[in-house]
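Please read the structure below before turning to the comments.
There are 2 protein chains.
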Amino acid sequence: MITLSDVYIIGAGETKFGELWDKSLRNLAVEAGLKAIENAGIYSKDIDIIYGANGLAGVINKQENIGALIADFSGLSEEGIPAIRIEASTASGAAAVHEAYLAIKSGEYNVAVVGGVEKMTDIHGHEINEIMSSILDREWESFYGATPASMAALIARKYMKDFNIEKEALSMISVNDHENASRNPDAQYRNKISLKQAMESVMVADPLTLMDCSPISDGAAAIVLASEDFVKRNKKDGVKILASAIAEDYLDVGSRKSIYTFNSTKKAARLAFDRAGIKSDDVSFAEIHDSFSIYGLLALEDLGFADKGNAKDLVYDEIKLSGRIPLNPSGGLKAKGDPYGAVGVGQFVEAYLQLMEKAGDRQVKSPRYGLLHNMAGTGATSVVHILGD
Amino acid sequence: MITLSDVYIIGAGETKFGELWDKSLRNLAVEAGLKAIENAGIYSKDIDIIYGANGLAGVINKQENIGALIADFSGLSEEGIPAIRIEASTASGAAAVHEAYLAIKSGEYNVAVVGGVEKMTDIHGHEINEIMSSILDREWESFYGATPASMAALIARKYMKDFNIEKEALSMISVNDHENASRNPDAQYRNKISLKQAMESVMVADPLTLMDCSPISDGAAAIVLASEDFVKRNKKDGVKILASAIAEDYLDVGSRKSIYTFNSTKKAARLAFDRAGIKSDDVSFAEIHDSFSIYGLLALEDLGFADKGNAKDLVYDEIKLSGRIPLNPSGGLKAKGDPYGAVGVGQFVEAYLQLMEKAGDRQVKSPRYGLLHNMAGTGATSVVHILGD
Chain A
1 MITLSDVYII GAGETKFGEL WDKSLRNLAV EAGLKAIENA GIYSKDIDII
51 YGANGLAGVI NKQENIGALI ADFSGLSEEG IPAIRIEAST ASGAAAVHEA
101 YLAIKSGEYN VAVVGGVEKM TDIHGHEINE IMSSILDREW ESFYGATPAS
151 MAALIARKYM KDFNIEKEAL SMISVNDHEN ASRNPDAQYR NKISLKQAME
201 SVMVADPLTL MDCSPISDGA AAIVLASEDF VKRNKKDGVK ILASAIAEDY
251 LDVGSRKSIY TFNSTKKAAR LAFDRAGIKS DDVSFAEIHD SFSIYGLLAL
301 EDLGFADKGN AKDLVYDEIK LSGRIPLNPS GGLKAKGDPY GAVGVGQFVE
351 AYLQLMEKAG DRQVKSPRYG LLHNMAGTGA TSVVHILGD
Chain B
1 MITLSDVYII GAGETKFGEL WDKSLRNLAV EAGLKAIENA GIYSKDIDII
51 YGANGLAGVI NKQENIGALI ADFSGLSEEG IPAIRIEAST ASGAAAVHEA
101 YLAIKSGEYN VAVVGGVEKM TDIHGHEINE IMSSILDREW ESFYGATPAS
151 MAALIARKYM KDFNIEKEAL SMISVNDHEN ASRNPDAQYR NKISLKQAME
201 SVMVADPLTL MDCSPISDGA AAIVLASEDF VKRNKKDGVK ILASAIAEDY
251 LDVGSRKSIY TFNSTKKAAR LAFDRAGIKS DDVSFAEIHD SFSIYGLLAL
301 EDLGFADKGN AKDLVYDEIK LSGRIPLNPS GGLKAKGDPY GAVGVGQFVE
351 AYLQLMEKAG DRQVKSPRYG LLHNMAGTGA TSVVHILGD
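Those protein sequences? They're chains A and B, same order as listed. Taking full-length UniProt numbering, the leading residue of the first sequence gets 1, the next gets one more, and so forth. Taking full-length UniProt numbering, the leading residue of the second sequence gets 1, the next gets one more, and so forth.
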């Protein structure tokens, strides 16, 4: 009788995030994949299945069949290793990890490689805005001109009005991201920014300024997941996935009961905490999906670190690397970068480094549990993972 | 201690396949999904996870985030049910079933809905050809002008030369598809065609004529999968998934050892037969991926029903509904239709009807095992399922 296996992360790797004009979609995917495989110390014959996370290659690169592409270019096609692409918009990365987690738990596979990749900087100007809007509801939102930034601005306005929040609270999320990114060699922007710089940067969609918005990025990240059996047999060291949960909300923001409470995040967090058997107070650090600074505040609340309207109290000290709940030690989406399909997997790379205590200058002190929050677009899908040892 | 569950199909439904100009992507997905849910006799609160299969919405409909879209429009967002899109090009459908199968086997979910959808006829002429070519290797094949049809023609030429095969053998695959589709109310083309008509139809890519090529189609299909526990608790009738296997080959045909042996199909078939514990002789009917008639011959061989070069001996009598190995009782990709993301799920709808002995005029006599073969593009990915009771 086969029983359900625990699932471990035994290796991780990523490319630098940024404007990588000399690397193609497949270059990036393979670079990250090979780093993770090497880091895990496994061979290609050990790999049972590959999950590729990608949000936009169909639109940007005119390339579908991404799973096969990655397997091919990694030199793994000869072995016939199955490769499947998971698309859940900007949450594709963590959704792919969820699928790999299920694949190993099912007993059908022992070792899964999850690679997330996005190549976004080949297209510029209004065109990338139009393309990014494909993650919104095409018929009810983007058709009328809504973009991810304008939706975030709308949400921010209403939130700031109802809870009497100053713009400063939003900006502090970005200040913290840049502070941490300055210590992350893979980050797209390693410059620190002052609160004044963040507040006074150019307007994008009122009240959001440039420093409230994540950049357009290229990049890839990969991790290797393995069953308990494989870990024991091969004496591997790793980080355990204690919970993997996904939940959904309406795709169009207008259908939701509240535009600043992301029910998908709340539900996924509740499921994850239940499954892991821990509380938000137990979390040592969190990587959250702050594609816009407002989403950083909302995530802190919807994940249970603050009551609704109170995240502002955490943004000065508590979220620092030395604070009660270190937020985005990697630099987050604002400063590490936001290559859609790679973001969620990149969070795992950071959490793996943190929990293995290999995060160098940005190491959180003796972390026990890491929480990862990856979100699609304006909150239609949220994926929450809790990792530990 | 939780143990691994068997997985059952407890409901199935699909839209008509065809040129459905009055229905949008979401209309189609929801129509099929609701039919399957109603057929299964379950409620929305029973559904734990949704898998959406789609190949091209990013390119055609400028809509990514397909999982969330389907959940939303099905009225399931309120419950927060997770929804994930699986993309494996034209094998997206069966790949999504594989993921749902793993999800249930993992013990994390009890009931999964898999919906495949594609909306392809809104775009015409050379543009759809360009878009369909996104399933090939963009940098090594489609960039140079290769299309799915021209690649299939290349493969057919070499196969016909090496094994001295007449065009007639290819055409008989299409004749059989149309014969069966004439009995399927959901099929795009219900007209029977004669061998002469198939042979003399207009040339598309020499030696492939129009009747060797699957059409451009809209359509959606959905099935409901459930755990053994759910089936017993709710006294459901269903069809058991005995094996679910995926394998990969090089994305670009030029890298393969043989261009008319699809290693992905061979490997997935071997895995599936092993896992199900049956042989090809035991199969009562097969639904195979004949987007071009040549692929019908190759599938018969790579799946183990004939030796390489000998599929021609099966195409006159053996593949008929009354023959030894009834092929595509649904009408196959040529005549039932070829809406990319829906095709693989549609094969399950057919197999479910056949194995429940509810396939009406096209019922195969007392079937025991059904084999389903769904393939991506020119064979980069193959998914093989074996169903039984």
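Even glycine gets a Cβ: it sits at the ideal position worked out from N, Cα and C. Note that the structure is a prediction, hence the values are computed from the model and not measured.
- The region 4 to 14 of chain A makes contact with the region 22 to 38 of chain A; the number of CB pairs closer than 8 Å reaches 3 or more.
- Within the UniProt domain "Thiolase C-terminal" (254 to 388) of chain B, complete beta strand (DSSP E) segments of at least 3 residues are found at 285 to 287, 370 to 376, 381 to 388, given in chain order.
- The C-beta of residue 153 of chain A comes no closer than 8 Å to any C-beta of chain B.
- Under the Cβ distance rule, residue 249 of chain B counts among the residues neighbouring chain A, one pair being separated by less than 8 Å.
- Under DSSP, residue 85 of chain B forms a beta bridge with A:87, B:52.
- Counting C-beta pairs with one atom in each stretch, the region 342 to 352 of chain B and the region 365 to 382 of chain B have three or more that are closer than 8 Å, which means they touch.
- The C-beta distance from residue 109 of chain A to residue 49 of chain A rounds to 5 Å, short enough to fall under 8 Å.
- Between residue 337 of chain A and residue 156 of chain A, the CB-CB gap reaches or exceeds 8 Å.
- Counted as a single uninterrupted DSSP element, the stretch harbouring residue 33 of chain A is not any beta strand (DSSP E) but the alpha helix (DSSP H) occupying residues 25 to 40.
- Counting C-beta atoms within 10 angstroms of its own C-beta, residue 277 of chain A has fewer than 16 neighbours from the protein chains shown and is therefore classed as exposed.
- Looking at the DSSP output, residue 203 of chain B sits in a beta bridge with B:209.
- Excluding its 5 nearest sequence neighbours in each direction, residue 203 of chain A has C-beta neighbours in its own chain below 6 Å: 209, listed in chain order.
- Listed along chain A, the residues sitting closer than 7 Å to residue 267 of chain B by beta-carbon distance are 80.
- Between residue 137 of chain B and chain A, the shortest Cβ-Cβ separation is below 8 Å.
- Residue 291 of chain B has a beta carbon lying at 8 Å or more from every beta carbon in chain A.
- In the structure shown, residue 8 of chain A falls within a strand segment according to DSSP collapsed to helix, strand and coil.
- Burial check for residue 256 of chain B: the Cβ neighbour count within 10 Å reaches 16 or more, so the residue is buried.
- Residue pairing by DSSP leaves residue 107 of chain B without any beta bridge partner.
- For residue 246 of chain A, at least one C-beta of chain B is nearer than 8 Å to its own C-beta.
- Distance from the CA of residue 368 of chain A to the CA of residue 137 of chain A, rounded to the nearest whole angstrom, comes to 38 Å.
- According to the DSSP assignment, residue 226 of chain B belongs to the beta strand (DSSP E) that extends over 218 to 227.
- Secondary structure of residue 44 of chain B (DSSP, three-state): helix.
- Residue 263 of chain A has a beta carbon lying within less than 8 Å of a beta carbon in chain B.
- When DSSP reads this structure, residue 241 of chain A sits in a beta bridge with A:387.
- In the same chain as residue 243 of chain A, and ignoring 5 residues on each side of it, the C-beta atoms closer than 6 Å to its own belong to 272, 275, 276, 386, in chain order.
- Using beta-carbon distances, residue 350 of chain B does not count as an interface residue toward chain A, since no partner is under 8 Å.
- Counting along the chain, the unbroken alpha helix (DSSP H) around residue 127 of chain B starts and ends at 126 to 132.
- The C-beta of residue 381 of chain A comes closer than 8 Å to at least one C-beta of chain B.
- A contact between stretches requires three or more CB pairs, one per stretch, nearer than 8 Å, and the region 106 to 121 of chain B meets this requirement with the region 208 to 225 of chain B.
- For residue 168 of chain A, the enclosing alpha helix (DSSP H) has its first and last residue at 167 to 181.
- Separation of residue 297 of chain B and residue 151 of chain B (C-alpha to C-alpha, rounded to the nearest whole angstrom) is 15 Å.
- By the Cβ test, the region 75 to 94 of chain A is not in contact with the region 17 to 27 of chain A, since fewer than three Cβ pairs between them sit closer than 8 Å.
- One finds nothing in chain A with a Cβ atom closer than 8 Å to the Cβ of residue 205 of chain B; even the nearest lies about 20 Å away.
- Across the set A:45, A:44, A:68, the C-alpha of A:68 shows the shortest separation from the C-alpha of residue 52 of chain A.
- Beta-bridge partners assigned by DSSP to residue 119 of chain A: A:218.
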